[in-house]
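Colleague: Just so we're aligned, residue 674 is where the sequence shown starts under this note's numbering, counting upward by one.
By construction, the Cβ of each residue, glycine as well, lies at the ideal position given by its N, Cα and C atoms.
Here's a structure for you.
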Amino acid sequence: MQKPKIALYWCSSCGGCEESIIDLAEDILEIAEKIEIVFWPVALDFKYKDVEMLEDKEIIASFINGAIWTDEQEQIARLLRKKSRLVIAHGTCAHLGGVVGLANFYSRKDIFNRVYKQVPSVKNPQGILPGHSNFHERVKSLSQVIDVDYYVPGCPPPPMLLKDAILSILQKDLPPKGSVFGDKRALCYTCSRLETKPDDLKINEFKRLYEIEYDSKICFLNQGIICLGPATRGGCKERCIKANMPCRGCFGPTDNVKDQGAKLISAFASMIDTNNELELNKIVDSIPDPAGLFYRYSLASSILNGKFEYKT
674 MQKPKIALYW CSSCGGCEES IIDLAEDILE IAEKIEIVFW PVALDFKYKD
724 VEMLEDKEII ASFINGAIWT DEQEQIARLL RKKSRLVIAH GTCAHLGGVV
774 GLANFYSRKD IFNRVYKQVP SVKNPQGILP GHSNFHERVK SLSQVIDVDY
824 YVPGCPPPPM LLKDAILSIL QKDLPPKGSV FGDKRALCYT CSRLETKPDD
874 LKINEFKRLY EIEYDSKICF LNQGIICLGP ATRGGCKERC IKANMPCRGC
924 FGPTDNVKDQ GAKLISAFAS MIDTNNELEL NKIVDSIPDP AGLFYRYSLA
974 SSILNGKFEY KT
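This is the structure:
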């Protein structure tokens, strides 16, 4: 009996999502017995023509990680969409644009000048830019380019969540199209520190981790440390919290939230304990890099989308 065909591909990403597959450990052997991998260029010697030769919809599912930033990435994403019954956005960059999406705060010209001409560690006296597939002016999430059936969130996704997604496909036990694998609730509701979070939480100063000796058993927010759990989807098994680090939002928003950054700004605004304008400005100024913090993973897919330069 022919095994179901699976494809895996990476676009603009760090490689962490590829590691999430390897992190399945011995479970990857169980999955490998049930599928045929027909495309995984980061790990095996596949060519684009191998995909082009397949019949349309011959691949049962393609797992695509990384944001879309080049012509080549968009071309392969469209090819995999054509050849696949299902496309899964694998990881936060494919899901929301990810950290890569922060590039939308800058122009393509500024990014290239910085990376290849201005960084102290780069010796490039002639200012030569390397050849590359055409970079787009804007980073996009996968669903901004092709139709996506399901989303596996996380930076990177927990291996067990990835396993659940793969087995759900093989067992034909899938949730409604467009679903995000993970909890339906915000992370706070499953956090081990929830009991130490006051119902009416008020903050008069935001502190950074290195500025205080914080308690590993008390809610970060209750200690004035920014934690994005109130507006971030649960399902990560509190990986960062258990490592005594606050949530930074990589699982994205819960259902029916269009803009995670805006939701976070609203949540934190409600916690500020003052009506005095001067005190308010002081508290807000204690938040380091608000745009980079609240939109760290979701800028590319947000209403804001990035920085725009209006030409007159």
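Give, in chain order, every unbroken run of the alpha helix (DSSP H) that is at least 4 residues long and sits entirely within the segment 860-938.
Modeller: 912-915
Colleague: So, is Val812 buried or exposed, given that buried needs 16 or more other C-beta atoms within 10 angstroms?
Modeller: Along the sequence shown, read from residue 1 onward, the residue named residue 812 stands at position 139. Result: buried.
Colleague: Per DSSP, which residues does Lys678 bridge with? Please list them.
Modeller: If you number the sequence shown from 1, residue 678 lands on position 5. Answer by DSSP bridge pairing, in chain order: Glu709.
Colleague: If we call anything under 8 Å between Cβ atoms a contact, is Phe967 one with Leu937?
Modeller: Locating residue 967 in the sequence shown gives position 294, where the first residue counts as 1. Locating residue 937 in the sequence shown gives position 264, where the first residue counts as 1. Taking 8 Å as the Cβ cut-off, Phe967 and Leu937 qualify as a contacting pair.
Colleague: Could you have a look at Arg969 and say whether DSSP puts it in helix, strand or coil?
Modeller: Taking the first residue of the sequence shown as position 1, residue 969 is located at position 296. Three-state DSSP puts Arg969 in coil, outside helix and strand.
Colleague: For the ligand ATP, is there any heavy atom lying closer than 7 Å to the beta carbon of Ile694?
Modeller: The ligand ATP is not part of this structure, which contains no ligands at all.
Colleague: Please identify the residue among Asp700, Ile741, Gly800 whose C-alpha is closest to the C-alpha of Ile839.
Modeller: Against the sequence shown, residue 839 aligns to sequence position 166. Residue Asp700 is the option with its Cα nearest to Ile839.
Colleague: Nearest to Lys676 by CA position, among Val711, Ser686, Glu691, is which residue?
Modeller: Mapped onto the sequence shown, residue 676 falls at position 3. When each option's Cα is compared against that of Lys676, the closest is Val711.
Colleague: How many Å lie between Phe736 and Asp718 at the Cα?
Modeller: Counting from 1 along the sequence shown, the entry for residue 736 is found at position 63. Counting from 1 along the sequence shown, the entry for residue 718 is found at position 45. Phe736 and Asp718: Cα-Cα distance of roughly 17 Å.
Colleague: How about Ala859 and Thr905: are their beta carbons less than 8 Å apart?
Modeller: Numbered from 1 along the sequence shown, position 186 holds the residue referred to as residue 859. Numbered from 1 along the sequence shown, position 232 holds the residue referred to as residue 905. Yes. Within cutoff.
Colleague: So is Ser889 buried or exposed if we call it buried at 16+ other beta carbons inside 10 Å?
Modeller: Locating residue 889 in the sequence shown gives position 216, counting from the first residue. Burial call: exposed.
Colleague: Output the boundary residues of the beta strand (DSSP E) element that contains Ser735.
Modeller: For the purposes of this step, residue 735 is identified with residue 62 of the sequence shown, where counting begins at 1. Bounds of the beta strand (DSSP E) holding Ser735 are 732-738.
Colleague: Relative to the alpha-carbon of Leu874, which residue among Ala935, Gln896, Asn978, Ser959 has its alpha-carbon at the smallest distance?
Modeller: Here residue 874 corresponds to residue number 201 of the sequence shown, with the count starting at 1. The residue with the shortest Cα to Cα distance from Leu874 is Gln896.
Colleague: Taking the DSSP output, what are the residues bridged to Leu759?
Modeller: By 1-based counting over the sequence shown, the position of residue 759 is 86. Answer by DSSP bridge pairing, in chain order: Ala734.
Colleague: DSSP puts Val788 in a beta bridge; with which residues?
Modeller: Reading the sequence shown from its first residue, position 115 is the one you call residue 788. Per DSSP, none; premise fails for Val788.
Colleague: List the whole-angstrom C-beta distance separating Gly764 from Gly827, where the pair is believed to meet the contact cut-off of C-beta under 8 Å.
Modeller: The residue labelled residue 764 in the question sits at position 91 within the sequence shown. The residue labelled residue 827 in the question sits at position 154 within the sequence shown. Confirmed, Cβ separation roughly 6 Å.
Colleague: What are the boundary residues of the alpha helix (DSSP H) that includes His768?
Modeller: Here residue 768 refers to the residue found at position 95 of the sequence shown. Boundaries of the alpha helix (DSSP H) harbouring His768: 765-769, taken from the DSSP string.
Colleague: Where does Gly932 land, buried or exposed, given buried means 16+ other C-beta within 10 angstroms?
Modeller: What you label residue 932 is simply residue 259 of the sequence shown in a count that begins at 1. Reading off the sequence shown, one finds Asp at residue 932, where the question assumed Gly. It is buried - the Cβ of Asp932 has at least 16 other Cβ atoms within 10 Å.
Colleague: Helix, strand or coil, according to DSSP, for Cys852 in the structure here?
Modeller: Here residue 852 is taken as the residue at index 179 of the sequence shown, counted from 1. Here residue 852 turns out to be Ser, not Cys, going by the sequence shown. Ser852 falls in the coil class under three-state DSSP.
Colleague: Residue range of the alpha helix (DSSP H) that Ile842 falls in?
Modeller: For the purposes of this step, residue 842 is taken as residue 169 along the sequence shown, with counting starting at 1. Boundaries of the alpha helix (DSSP H) around Ile842: 832-843.
Colleague: Short of 7 Å in beta carbon distance, which residues of its chain neighbour Gly965, apart from the five on each side in sequence? Order them along the chain.
Modeller: Residue 965 sits at position 292 when you count from the first residue of the sequence shown. Here the set comprises Leu775.
Colleague: Skipping 5 residues on each side, what residues in its chain have a beta carbon closer than 7 Å to that of Cys660?
Modeller: The chain is shown from 674 up to 985; residue 660 falls before or after that span and cannot be answered.
Colleague: For Ile1019, report the span of its beta strand (DSSP E) as first-last.
Modeller: This structure gives no information on residue 1019, because the portion of the chain shown stretches from 674 to 985.
Colleague: Looking at C-alpha atoms only, which residue of Phe808, Tyr970, Cys909 is the closest neighbour of Cys861?
Modeller: The residue given as residue 861 occupies position 188 in the sequence shown. Taking only the C-alpha atoms, the option nearest Cys861 is Cys909.
Colleague: Looking at Glu731 and Lys755, is the spacing between their C-beta atoms short of 8 Å?
Modeller: On the sequence shown, position 82 is the one that residue 755 refers to. On the sequence shown, position 58 is the one that residue 731 refers to. Cβ atoms of Lys755 and Glu731: not closer than 8 Å.
Colleague: Spell out a yes or no on whether the segment 778-787 and the segment 797-816 are touching, meaning 3 or more CB-CB pairs, one atom from each, closer than 8 Å.
Modeller: Contact annotation: the segment 778-787 touches the segment 797-816, with at least three C-beta pairs closer than 8 Å.
Colleague: If I follow the unbroken alpha helix (DSSP H) through Glu952, where does it start and stop?
Modeller: By 1-based counting over the sequence shown, the position of residue 952 is 279. 950-958 is the span of the alpha helix (DSSP H), which, as asked, contains Glu952.
Colleague: To the nearest angstrom, how far is the alpha carbon of Ala734 from that of Gln746?
Modeller: Here residue 734 refers to the residue found at position 61 when the sequence shown is read from its first residue. Here residue 746 refers to the residue found at position 73 when the sequence shown is read from its first residue. Cα to Cα, Ala734 sits roughly 18 Å from Gln746.
Colleague: Applying the 10 Å Cβ sphere with the 16-neighbour rule, what's the burial state of Lys678?
Modeller: What you label residue 678 is simply residue 5 of the sequence shown in a count that begins at 1. With 16 or more other Cβ atoms inside 10 Å of its own Cβ, Lys678 counts as buried.
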